[in-house]
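As numbered in our numbering, residues 591 to 916 make up the sequence shown, in order.
Where is the CB? At the ideal position from N, CA and C, for every residue including glycine.
Just so it is clear, the structure is predicted and the values come from calculations on it, not from any experiment.
The structure appears below as structure tokens.
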Amino acid sequence: MTSAITRRAALGLALAGAATPALAQPGFPNRAVSIIIPFPPGGATDLIARPYGAALQRHWNQSVVLQNRGGAGGALGMNAGAMARPDGYTGVIAHVSYSSIPAADALFQRPASFERASLAPIALLTADPLIIVVKADAPWRNFQEFAEDARRRPGQIAYGSSGPYSAVHLPFEMLAHAGGFRLNHVPYSGGGPAITAVLGGHVAATASTAAVMAPQIRSGAMRALVNTGARRVALLPDVPTALELGLAEVEFYLWVGIFGQPATPAAERETWRQATAAVAKDPEMLRQLEAAGLELDHRDGKAFQDFLDADFKRVEAAVNRIGRVE
Numbered sequence: 591m592t593s594a595i596t597r598r599a600a601l602g603l604a605l606a607g608a609a610t611p612a613l614a615q616p617g618f619p620n621r622a623v624s625i626i627i628p629f630p631p632g633g634a635t636d637l638i639a640r641p642y643g644a645a646l647q648r649h650w651n652q653s654v655v656l657q658n659r660g661g662a663g664g665a666l667g668m669n670a671g672a673m674a675r676p677d678g679y680t681g682v683i684a685h686v687s688y689s690s691i692p693a694a695d696a697l698f699q700r701p702a703s704f705e706r707a708s709l710a711p712i713a714l715l716t717a718d719p720l721i722i723v724v725k726a727d728a729p730w731r732n733f734q735e736f737a738e739d740a741r742r743r744p745g746q747i748a749y750g751s752s753g754p755y756s757a758v759h760l761p762f763e764m765l766a767h768a769g770g771f772r773l774n775h776v777p778y779s780g781g782g783p784a785i786t787a788v789l790g791g792h793v794a795a796t797a798s799t800a801a802v803m804a805p806q807i808r809s810g811a812m813r814a815l816v817n818t819g820a821r822r823v824a825l826l827p828d829v830p831t832a833l834e835l836g837l838a839e840v841e842f843y844l845w846v847g848i849f850g851q852p853a854t855p856a857a858e859r860e861t862w863r864q865a866t867a868a869v870a871k872d873p874e875m876l877r878q879l880e881a882a883g884l885e886l887d888h889r890d891g892k893a894f895q896d897f898l899d900a901d902f903k904r905v906e907a908a909v910n911r912i913g914r915v916e
């Protein structure tokens, strides 16, 4: 009888242990944590990554080191993060290039420079729509007038982007497809030069986030025509969305999220998820984002995965419609 009781007790303990979620290594994190930013310093991702890293440091009471590793449109840094030791001590910031790079590689039928499956989603931090702008003295008072003119003059209205399949190229082509017109794409080395080109009269239009464009609009240098999100943004509440204007297929975001390595133990990834959910309420981080004109859009778990899947579907469709841009 005693033996049977002992066996039953042992079995019960084993089952209880199997049902208990894995725990992160004791004290994790108990040393400095790194976050790889796959773009040069000073870009849009830095505006989110730096307040987020500082908030994590306060939450964990542990150093959080940000490492900018730019190149290949984000592929170099994302791959560096994917190949980091999967122990939970290296996070990776990614943005819409997580969707556009694999879509472009598939279009060109070339070896993948980055694969989505090489990073494990943890949480979305921000999802900013693009604001389509023209110079303030341009003849179009709104997007409808811009679109009508573009239909009358196919391919004659030029817009500047930060490069092929970039976060400016894609939404413009989404708008052109949905609106039934064709524009002239002029790629530049970045978003800043494209804005300068509009101000200098070299191209008619460009796009960036509300945080970047609001000062130009408020100063009277630029005029906003439309935003590419599902809702209006607080910083520019008078700018309508493409969806409001009946362009049902147009939804695009310059989003930023935090990722880890798929082989990282689930417990460590869960620690990151919980920490990110906690710092999403951090007053200092929220203050810094607000000062930069950014809105937190925290999502994790299935909500983040659903967002990524929808984003990839939209981006892939746009890349395929654009076709090969050498």
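Opening and closing residue of the beta strand (DSSP E) in which residue i lies
| i | result |
| --- | --- |
| Pro-719 | 710-725 |
| His-775 | 774-777 |
| Val-654 | 654-658 |
| Ile-627 | 623-627 |
Rounded C-alpha distance that separates residue i from residue j
| i | j | result |
| --- | --- | --- |
| Phe-544 | His-759 | Nothing in the structure corresponds to residue 544, since the chain is present only between 591 and 916. |
| Pro-855 | Thr-716 | 26 Å |
| Asn-774 | Ala-867 | 43 Å |
| Arg-904 | Phe-842 | 8 Å |
| Ala-609 | Ile-627 | Unreliable positioning characterises Ala-609 in this predicted model, as indicated by a pLDDT of 38, which lies under 50. The coordinate reading is nonetheless provided below. Taking the straight line from one Cα to the other gives about 37 Å. |
| Arg-877 | Asn-651 | 20 Å |
| Arg-741 | Ile-747 | 10 Å |
| Pro-754 | Pro-692 | 14 Å |
| Ala-893 | Ala-707 | 17 Å |
| Ala-553 | Ser-798 | There is no way to answer for residue 553, as the model of the chain reaches only from 591 to 916. |
| Pro-925 | Gly-847 | Residue 925 lies beyond the range of the chain shown here (591 to 916); nothing can be said about it. |
| Ser-690 | Pro-852 | 20 Å |
| His-888 | Asp-872 | 12 Å |
| Asn-732 | Val-823 | 17 Å |
| Asp-896 | Arg-821 | 18 Å |
Opening and closing residue of the alpha helix (DSSP H) in which residue i lies
| i | result |
| --- | --- |
| Ser-690 | 687-698 |
| Thr-796 | From DSSP, Thr-796 is part of no alpha helix (DSSP H) but of the beta strand (DSSP E) over 795-799. |
| Met-668 | 665-672 |
Anticipated Cβ contact below 8 Å, residue i with residue j, distance rounded
| i | j | result |
| --- | --- | --- |
| Val-724 | Val-788 | 7 Å |
| Pro-641 | Asn-658 | The pair is not a contact, with the Cβ atoms about 15 Å apart (cut-off 8 Å). |
| Ala-832 | Thr-818 | 6 Å |
| Trp-730 | Asp-739 | 6 Å |
| Ile-722 | Leu-826 | Not really, about 11 Å apart at Cβ, beyond 8 Å. |
Beta-carbon gap between residue i and residue j smaller than 8 Å
| i | j | result |
| --- | --- | --- |
| Met-668 | Leu-709 | yes |
| Arg-914 | His-767 | no |
| Leu-972 | Ala-634 | Since the first residue of the chain shown is 591 and the last is 916, residue 972 is not available in this structure. |
| Ala-713 | Asp-890 | yes |
| Phe-849 | Gly-671 | yes |
| Leu-656 | Val-909 | no |
| Gly-750 | Ala-784 | yes |
| Gly-678 | Glu-916 | no |
| Phe-771 | Ala-737 | yes |
Residues that DSSP places opposite residue i in a beta bridge
| i | result |
| --- | --- |
| Ser-751 | Pro-777 |
| Leu-826 | Val-823 |
| Asn-817 | Ile-721 and Thr-831 |
| Tyr-843 | Pro-719 |
| Asp-636 | DSSP, once it has assigned bridges, lists no residue as partnering Asp-636. |
| Gly-850 | Ala-710 |
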